[in-house]
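According to the numbering used here, the residues represented by the sequence shown are 20 to 526, in order. Report on the following structure.
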Amino acid sequence: MKPHPRLRFGFLFALIACCAGQADAAQKPNIILVMPDDVGYGDYRCLGNPIMRTPSMDAFKKESVLFTQFHVSPTCAPCRSALMSGRHEFKNGVTHTILERERMALSTFTLPQMLKTVGYTSGIFGKWHLGDEAAYRPESRGFDEVYIHGGGGMGQTFRGSCGDAPGNSNINPALWHNGKFEKTQGYCTDLFFDQAMVWMESKQKAKQPFFAMITPNAAHTPLVLPEAYYQQYLGNPGVDINMAKFFGMIENIDTNLGKLLAKLKEWQIEENTLVIYLGSDNGGTFGTKLYNAGMRGGKGTVYQGGTRAPCFFRWPAGGIKGGEETAVLSAHLDLFPTLAEITGAKFSDEVQKQVEGRSLFTLLKNPKAEWADRTLVHHTGRWAHGKAADSKYAKSAIQNSRFTLVSNTELYDLQTDPGETKNVIAEHPEVAAKLRAAYDLWWTDVQPLLVNENATNIPKINPFKELYYKQFGGSPTPQALKRMDPKSSPDGENAEAPRNRKPKAVK
C-alpha cells in the first residue's frame, strides 16, 4: 500500500532538515509576502494611475527592485497554488476556483513546509482559497499561524467544498483563527494586517525567523467597506460608485502597508526583512475600465492584462538597491525557488522534480544580469467546452519574452504591440509552430496530474459553514442548502467575466 502523500512529505521534512546546513537564525531574513486580490497593474499611482492615492507604495517602489514583466494566473486559487508550489497550478490539480477543483493536491510540497526545514515559522493572514476541508486547510499545509476567511471571497456560498462562514461580510467578519472562529470588530483588511503584526512582533521578540503571508481579500467583490475609505474618489471623471469603492479598498491596503513598514522600523528589523509585494493574484477587475497599463484583458483572461502583475522586492541587508527595475520574464512560480536559495533550503529529489520555477536571487542583486529566455503557460481552466479534453486550447496562452500565442490562433508581438491588438500569426508561422509544440508537450505532461476532475467526495455543506454552526449553533437555510447541494448546477465566481477592453495606456 502506498503511503499517504502527507505522510510521505512528513518524512521529507526530516530528510531535508538534516541535509540543509542551518545557519544561525539571526542571519536568516524575515520574509513578508503581501498579495492583494483582483488589483490590476494600472491600479497603482507609482505605475501611472493618476487617480489612485498609494503613498506607501510610491515610497516602497523607490526602495525596491521592481519586476515589470512578472506573471501570475488568470484567477485566484490557481495563482495561490502556483505560488505555494513553484509549479503550474494544473500540476497541483487546481483548474478552477470552486467545484472541488480549488483543492491543492495533498501530494504538493508547499512553500511554508520548505521554509520549516530551515527553521522558519509561517503565518497566513487573509485569503487561502486552496481547500477548506481539514486536510487542505493552511494549518495542514505548513502554516503555524492561521487567520483566514473561507472560500474565494468573503461571504461566498457555492456548491460543495468552497464557501465562507454564513452571512460573513468585509466588516466585522467571523475569521478562522488557529482551529476556531473568532467574531471580530473592524474592516477585514485592517484585521488581517493587525493580526499579522501582532504575530510578527511575538516572533521577532523570540528571535525566530518568520514568513508572514498577508493576502487580503480586497479588492475582490463584494465591494463592502466603510464609506470614509472611498469618498475621496467620488466625483473623479469616469469613476462610478463601484470603482470608487474598488480604489478605496486599494488605498486602504496601501495605508496598512505603510503601518507594517513603520513597525518593521520600530522593531529594528527592517534591514534584514525581505518584503515582497506582489501586486495581485490575477489581472484587474473594476479598475481596468480606466487604467490597465495599456494592456488588453483582465481577470479571467490569458491576455497580458489578465496575467501580468508588478512584483516588488525590498531587502536592504540582502544587497537589494532601491529604485531599480528588470523586465525579464518572471512569474509567481519563481518565488518558491527564490526563497529556497535565500534561506539555504535544500530540495530532495522529489521536490526538485516538483519545482519548475527559477530563482530570481541573481536578478535581485543585479537586475541587469543575463537571463535566458523561457516560456510560460497561462490557462484559465474552467473548461470552456465542458471538460479538459475538449478545452485544450480554449482560453490558453503560451509566451516567451517577445511573442504570445493565444488560444492557438492568435499570435502577438509583445515588443511592438504590448496591447495585443494585431494578430501576426500569418507573418510568423514558424514562431507559432514552435510555441504550439511546446504547449502540446506541456498539455500532455499535466494530464495525469488533474486529480480534482470528477471529484466524488463532495461535502453537502460548505466546510466553513459546518464548522461555524458546530461552534455557534444554528443551521443553514433551505435556500443555502439548495445552493450548496452537490447535485446543483455549477456556478461561477462573481466578478469573473472576461474583460477585453483596450483602456487608456499608462506606464
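For each residue, glycine too, the CB sits at the ideal point set by N, CA and C.
Going along the chain, which residues of its own chain have a beta-carbon closer than 7 Å to the beta-carbon of residue i, five neighbours each way excluded?
{"i": "residue 381", "result": "388"}
{"i": "residue 283", "result": "289, 292"}
{"i": "residue 9", "result": "This structure leaves residue 9 out entirely; the chain is present only between 20 and 526."}
{"i": "residue 461", "result": "396"}
Assuming residue i contacts residue j under a Cβ cut-off of 8 Å, what Cβ separation, rounded to an integer in Å, is found between them?
{"i": "residue 240", "j": "residue 93", "result": "Residue 240 to residue 93, Cβ: 17 Å. No contact."}
{"i": "residue 48", "j": "residue 292", "result": "6 Å"}
{"i": "residue 142", "j": "residue 163", "result": "6 Å"}
{"i": "residue 301", "j": "residue 113", "result": "Not really, about 13 Å apart at Cβ, beyond 8 Å."}
{"i": "residue 266", "j": "residue 249", "result": "7 Å"}
{"i": "residue 192", "j": "residue 207", "result": "6 Å"}
{"i": "residue 467", "j": "residue 84", "result": "With 8 Å as the limit, residue 467 and residue 84 do not qualify as a contact, their Cβ atoms being about 37 Å apart."}
{"i": "residue 350", "j": "residue 395", "result": "6 Å"}
{"i": "residue 6", "j": "residue 87", "result": "With the chain covering only 20 through 526, there is no way to say anything about residue 6."}
{"i": "residue 55", "j": "residue 299", "result": "6 Å"}
{"i": "residue 303", "j": "residue 493", "result": "Between residue 493 and residue 303 the Cβ distance is about 37 Å, and since that is not below 8 Å, they are no contact."}
Give me the residue from the options with the minimum Cα distance to residue i.
{"i": "residue 211", "options": "275, 418, 461", "result": "275"}
{"i": "residue 484", "options": "116, 151, 62", "result": "151"}
{"i": "residue 331", "options": "369, 111, 431, 383", "result": "383"}
{"i": "residue 139", "options": "471, 228, 71", "result": "228"}
{"i": "residue 411", "options": "258, 399, 486", "result": "399"}
{"i": "residue 392", "options": "347, 386, 281, 362", "result": "347"}
{"i": "residue 273", "options": "238, 465, 256, 362", "result": "238"}
{"i": "residue 377", "options": "369, 368, 390, 385", "result": "390"}
{"i": "residue 439", "options": "109, 317, 205, 121", "result": "317"}
{"i": "residue 323", "options": "61, 225, 219", "result": "61"}
{"i": "residue 375", "options": "82, 108, 221", "result": "108"}
{"i": "residue 154", "options": "482, 498, 493", "result": "482"}
{"i": "residue 355", "options": "488, 303, 132, 456", "result": "132"}
{"i": "residue 373", "options": "352, 434, 363", "result": "352"}
{"i": "residue 364", "options": "137, 434, 196, 220", "result": "137"}
Please work out which residues of its chain come closer than 6 Å, Cβ to Cβ, to residue i, disregarding the five sequence neighbours upstream and downstream, and give them in chain order.
{"i": "residue 286", "result": "223"}
{"i": "residue 116", "result": "94, 95, 96, 171, 512"}
{"i": "residue 458", "result": "417"}
{"i": "residue 40", "result": "Caution is warranted here: a pLDDT of 35 is assigned to residue 40, below 50, making its placement in the model unreliable, and no coordinate value can be reported."}
{"i": "residue 271", "result": "208, 248"}
{"i": "residue 470", "result": "112, 124"}
{"i": "residue 277", "result": "75"}
{"i": "residue 160", "result": "129"}
{"i": "residue 53", "result": "233, 296"}
Considering only DSSP beta bridges, list what residue i is partnered with.
{"i": "residue 85", "result": "331, 344"}
{"i": "residue 229", "result": "140"}
{"i": "residue 166", "result": "144, 196"}
{"i": "residue 206", "result": "190"}
{"i": "residue 182", "result": "176"}
{"i": "residue 350", "result": "90"}
{"i": "residue 449", "result": "DSSP output for residue 449 lists no bridge partner at all."}
{"i": "residue 431", "result": "423"}
{"i": "residue 415", "result": "398"}
{"i": "residue 53", "result": "233, 296"}
{"i": "residue 119", "result": "Note: residue 119 sits in no beta bridge, so no partner."}
{"i": "residue 201", "result": "194"}
Near residue i, which residues of its chain fall below 8 Å by C-beta distance, leaving aside the five closest residues on each side in sequence?
{"i": "residue 477", "result": "119, 178, 179, 180, 505"}
{"i": "residue 507", "result": "178, 501"}
{"i": "residue 43", "result": "Confidence is the limiting factor: at residue 43 the pLDDT is only 49, short of 50, which leaves the residue's position unreliable and the question unanswerable from this model."}
{"i": "residue 253", "result": "260, 263"}
{"i": "residue 447", "result": "422, 430, 432"}
{"i": "residue 499", "result": "176, 185, 484"}
For chain B, is any of its Cβ atoms less than 9 Å away from the one on residue i?
{"i": "residue 325", "result": "Of the chains in the structure shown, none is chain B; there is only one protein chain."}
At a cut of 8 Å, does the segment 330-346 reach the segment 423-430 through at least three beta carbon pairs? Contact between the segment 330-346 and the segment 423-430 is absent, because fewer than three Cβ pairs lie under 8 Å.
| said: Three Cβ pairs or more, each shorter than 8 Å: is that satisfied between the segment 96-110 and the segment 120-127? | reply: Touching, per the Cβ criterion.
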